[in-house]
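Asks:
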Amino acid sequence: MISCCIFDLDGVIVNTAKYHYLAWVELAHKLGFEFTPEQGEAIKGVSRMASLDIVLRAGGMQDKFSDEEKLALASEKNTRYRQYIAQMTSDEVLPGVRDFLMKLREAGIVVVLGSASKNAGMILDHCDLRPLFDGVIDGNLVSRAKPDPEVFAKGAELMHIAPKECVVFEDAAAGIEAATRAGMRSVGLGGSPLLCKATMQLPSFVGFTLDALKEGVDR
Ligand code: BG6
Ligand code: MG
0 MISCCIFDLD
10 GVIVNTAKYH
20 YLAWVELAHK
30 LGFEFTPEQG
40 EAIKGVSRMA
50 SLDIVLRAGG
60 MQDKFSDEEK
70 LALASEKNTR
80 YRQYIAQMTS
90 DEVLPGVRDF
100 LMKLREAGIV
110 VVLGSASKNA
120 GMILDHCDLR
130 PLFDGVIDGN
140 LVSRAKPDPE
150 VFAKGAELMH
160 IAPKECVVFE
170 DAAAGIEAAT
180 RAGMRSVGLG
190 GSPLLCKATM
200 QLPSFVGFTL
210 DALKEGVDR
C-alpha cells in the first residue's frame with residue numbers, strides 16, 4: 000500500500016545541481032583553483048558544509064581555514080547560489096514532474112518534500128510548486144544529513160503515516176540508503192548504477208503513472 004510519496008528536490012523535481020556547481024566553481028576560482036564537473040559529482044546530495052570540505056580538498060586547501068572562515072566561505076557560496084535560484088521559474092520543473100504530482104494528489108496520496116537544502120522553500124515558491132506539497136521537511140528542520148534517515152522519518156511523522164506506506168524518490172545513492180534505513184521503499188531517478196539499491200529505477204517522470212509505481216514497488 001502507498002499512502003505517501005516523499006520527494007527529494009535537487010535532481011528529482013528541479014535541476015538545481017548546476018547552480019550549486021556554478022556557485023562552488025566561482026568560490027574555487029576566487030581561491031585560485033579549478034573545480035571540475037567530475038569533482039562536482041561528489042557534492043550531489045551532500046550538505047552545504049560537507050560540500051565546502053569537498054571543494055577545499057579539490058584545491059588542496061582543506062587545512063587552510065578556521066571554522067569561522069569556513070562558515071564565511073559557505074555563506075558567500077550561498078549568497079551566489081541564491082542569486083541563481085532567484086531567477087528560476089516553473090519552466091525549470093523537470094519534465095513530467097508536475098503531472099505526476101497532480102496524479103498522486105488526485106488519488107489521495109500524500110505528497111511531501113524531503114530535502115537537505117535550506118533553500119528548498121525559495122525554490123518551491125519560485126517554481127510555483129508549493130501548492131502541490133502537503134508537507135515540507137527541508138535542511139532547516141534536520142540536523143543529520145542523508146544517508147541518515149532523519150529527513151524522511153520526519154516527513155512520515157509529520158503526516159502521521161507509517162514508513163512502510165511511504166515511497167521515497169531520490170537521485171542520490173545517499174538518499175536511497177536513507178530511505179531504506181527509514182524503512183521505506185524507494186525510486187531511483189536517472190540511470191546511475193549507484194542507484195541499484197533502490198526498489199525500482201526510473202529514467203524520468205515523463206509518462207509515469209501511479210499504476211506503474213505500484214507495480215514497481217509493491218512486491
Ligand atoms: C542538497 C543538494 O539537496 O542540498 C546539495 O543536493 C546541497 O548539493 C544541499 O549542498 C544543501 O543545500 P543548501 O541550499 O542548503 O546549501
Ligand atoms: Mg538530489
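Heads up: the sequence shown is residues 0 to 218, going by numbering that gives the first Met the number 0.
In this text, a Cβ means the ideal position worked out from N, Cα and C, and glycines have one as well.
Decide if Ser185 is buried, meaning its Cβ has at least 16 other Cβ atoms within 10 Å, or exposed.
Replies: Classification for Ser185: buried.
Asks: Indicate, with yes or no, if the ligand BG6 has a heavy atom lying under 7 Å from the CB of Leu8.
Replies: Correct: Leu8 has its Cβ closer than 7 Å to the ligand BG6.
Asks: Going by DSSP, what residues sit across from Glu149 in a beta bridge?
Replies: DSSP output for Glu149 lists no bridge partner at all.
Asks: Taking Cβ positions, are Ser203 and Gly39 nearer each other than 8 Å?
Replies: Not a contact, by the Cβ cut-off of 8 Å.
Asks: Suppose you measure from the CA of Gly190 to the CA of Ala73; what does that come to, to the nearest Å?
Replies: Cα to Cα, Gly190 sits roughly 31 Å from Ala73.
Asks: Give the secondary structure of Val96 by DSSP, where H, G and I count as helix, E and B as strand, and everything else as coil.
Replies: Helix at Val96.
Asks: Can the beta-carbon of Leu100 be found closer than 8 Å to that of Val110?
Replies: It is a contact, given that the beta carbons lie within the stated cut-off.
Asks: Count the other CB atoms, across all protein chains shown, that sit within 10 Å of the CB of Thr35; report buried if there are 16 or more and exposed otherwise.
Replies: Thr35 should be labelled exposed.
Asks: Does the separation of the CB atoms of Ala57 and Phe32 fall below 8 Å?
Replies: Yes. Within cutoff.
Asks: Determine which residues share a DSSP beta bridge with Gly187 and list them.
Replies: Answer is Glu169 and Gln200, bridged to Gly187.
Asks: Could you spell out where the beta strand (DSSP E) holding Val136 opens and where it closes?
Replies: What sits at residue 136 in the sequence shown is Ile, not Val. Its beta strand (DSSP E) spans residues Gly134 to Ile136.
Asks: Taking 7 Å as the cut-off, does the CB of Ser46 come closer than this to any heavy atom belonging to the ligand BG6?
Replies: It does: the Cβ of Ser46 is within 7 Å (strictly closer) of some heavy atom of the ligand BG6.
Asks: At the level of alpha carbons, what is the spacing between Ala22 and Thr179?
Replies: Taking the straight line from one Cα to the other gives about 31 Å.
Asks: Which value, in whole angstroms, describes the spacing of the CA atoms of Leu193 and Ala171?
Replies: Roughly 8 Å between the two C-alpha positions.
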